[in-house]
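Just so you know, we're using the working numbering here: the sequence shown kicks off at 532 and counts up by one.
Heads up, the beta-carbon is just placed ideally off N, CA and C, and yes, glycines get one too.
Data first, discussion second: the structure below is written as structure tokens.
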Amino acid sequence: MSQVEVIVDMALRPDQAPRISLNKLCEFMTASIPRQRRIVRDQKFPPDYLRTYYREAQEAVASCIASELDNVSAVERQIDILNQQAPDTVGTQRRIASNVDALETFLDMLDQINLQGAVPELGANDAPKLRVRNVDISVRPEIILRMENRNGPVVGAMKVHFPKTNPLDERSAGYASAILQEWTRVYLPDDGSASGPLCCVLDIGSQCFYEGVRATRQRMRDIEDACATIAALWPTIQQSG
Numbered sequence: 532m533s534q535v536e537v538i539v540d541m542a543l544r545p546d547q548a549p550r551i552s553l554n555k556l557c558e559f560m561t562a563s564i565p566r567q568r569r570i571v572r573d574q575k576f577p578p579d580y581l582r583t584y585y586r587e588a589q590e591a592v593a594s595c596i597a598s599e600l601d602n603v604s605a606v607e608r609q610i611d612i613l614n615q616q617a618p619d620t621v622g623t624q625r626r627i628a629s630n631v632d633a634l635e636t637f638l639d640m641l642d643q644i645n646l647q648g649a650v651p652e653l654g655a656n657d658a659p660k661l662r663v664r665n666v667d668i669s670v671r672p673e674i675i676l677r678m679e680n681r682n683g684p685v686v687g688a689m690k691v692h693f694p695k696t697n698p699l700d701e702r703s704a705g706y707a708s709a710i711l712q713e714w715t716r717v718y719l720p721d722d723g724s725a726s727g728p729l730c731c732v733l734d735i736g737s738q739c740f741y742e743g744v745r746a747t748r749q750r751m752r753d754i755e756d757a758c759a760t761i762a763a764l765w766p767t768i769q770q771s772g
């Protein structure tokens, strides 16, 4: 057995199973080697503050999109609620400010969001993970999109990305779209054919809405290579390293 095979085998133990969120995987794809190690460390040993950093913004944005962008009041109401809070720590104050900023940015982006006539609904919080090269990818699309075209029913999924510190670009959003399409093919086969254009990304950090890509073969090869790297790195990452 080669060294890589040994490392991957170690990574498959239940207490060491490699995992990564879709958003962080897309960042990993284009990051420097030191940044890649930091991403893997944060996925293996996630700081408590990162687990639900954009929870309020995510819930309000998803609710608005699921209403076909009609329920803007849900976003405005959440902004008011957050602005009325009196956080007792600097960290909480920053988190609340980041959520307010994300929600206000979303309101400025409403005209960019193209649902292409599809019917949106909220994605499940406990959506199943997509396994690629022994790495469990937490895809968790905020929105599922369904529509009919001339060939029958089609389905897609939308991912929302919030952080301004590591915004997506066209390349990383393309990887996200490819993963969304694969997830849709695996877990929603009875809902229709996976639609590339409907597997889209709303990146609040860069204030861009990226429609889904059609070409995914090479992108999925790149993603498989990245996941193989993550699986190999996983057992070498220590909490203090």
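Test item: CB-CB of residue i and residue j under 8 Å
i	j	result
residue 597	residue 653	yes
residue 743	residue 758	no
residue 575	residue 768	yes
residue 754	residue 710	yes
residue 668	residue 570	no
residue 553	residue 588	no
residue 729	residue 764	no
Residue environment, residue i, which counts as buried when at least 16 other CB atoms sit within 10 Å
i	result
residue 637	buried
residue 752	exposed
residue 628	exposed
residue 748	exposed
residue 618	exposed
residue 609	buried
residue 563	exposed
residue 734	buried
residue 622	exposed
residue 625	exposed
Sequence-distant residues of the same chain with beta carbon closer than 7 Å to residue i, five excluded per side
i	result
residue 641	600
residue 594	602, 605
residue 532	Note that residue 532 scores a pLDDT of 33, beneath 50, so its modelled location is shaky; the value from the coordinates is reported in the next line. Hits under 7 Å: none found.
residue 702	561
residue 722	677, 684, 686
residue 698	734, 736, 737
Presumed contact (8 Å Cβ cut-off) between residue i and residue j, rounded CB distance
i	j	result
residue 719	residue 686	5 Å
residue 577	residue 666	Not quite, the Cβ-Cβ distance comes to about 15 Å (not below 8 Å), so this is no contact.
residue 692	residue 727	With a Cβ gap of about 18 Å, residue 692 and residue 727 do not count as contacting.
residue 741	residue 704	4 Å
Neighbourhood of residue i by C-beta, 8 Å cutoff - its chain only, sequence neighbours within 5 removed
i	result
residue 724	682, 683, 684, 685, 686
residue 648	678
Contacts around residue i, its chain only, beta-carbon distance under 6 Å, and the 5 residues preceding and following it disregarded
i	result
residue 714	661, 670
residue 694	736
residue 700	none
residue 716	725
Kindly provide the ranges of any beta strand (DSSP E) runs that are 3 or more residues long and lie completely inside the segment 554-601, ordered along the chain. none
Going along the chain, which unbroken runs of the beta strand (DSSP E) with 3 or more residues stay wholly within the segment 697-763? 732-734, 739-741
My parser needs the alpha helix (DSSP H) runs of 4 or more residues fully inside the segment 601-662; what are they? Within the segment 601-662, the complete alpha helix (DSSP H) runs of at least 4 residues are 603-614, 621-639.
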